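Student:
Residue numbers (our numbering): 6 to 136.
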């Protein structure tokens, strides 16, 4: 599967010290990029790869996404268990874990992109221009 429009390439990720294999990296980079595109109203589409702040933001987001993914895989909550037929059902991650992950990702985006200006507009700008 080909991933196009990446803000951070796999080679750049490795140069920054990344240790993931290429496919897990591609999937996490895609998820991080979509989160950034949502917060920036698409202002970085076709431009994100030009900015160091965006590359570093994606790198930190990948680390965070990977750590939560690992946590969720290791800490699946057992929602039911039966002994004789040996059946275990796992629940979904707790809402507080999902909220914590989203909050951490938002903080990373704010840290790296709050002062980034593209085409004379702050990429995180959400208000109205009253000139």
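Positions of the beta carbon are idealized from the N, C-alpha and C atoms, including for glycine. On a predicted model such as this, the values are computed, not experimentally measured, just so you know.
Is the distance from the Cβ of residue 63 to the Cβ of residue 32 below 7 Å?
Tutor: Not closer than 7 Å, so no.
Student: Short of 7 Å in beta carbon distance, which residues of its chain neighbour residue 60, apart from the five on each side in sequence? Order them along the chain.
Tutor: Around residue 60: 12, 13 and 17.
Student: What are the partner residues of residue 127, as DSSP defines its beta bridges?
Tutor: In the DSSP output, where bridge partners are listed per residue, residue 127 has 122.
Student: Quick one, which of 28, 37 and 54 has its alpha-carbon nearest residue 112's?
Tutor: Checked all of 28, 37 and 54; the closest Cα to residue 112 is 37.
Student: What first and last residue would you give for the alpha helix (DSSP H) that runs through residue 16?
Tutor: That run of the alpha helix (DSSP H) goes 15-20.
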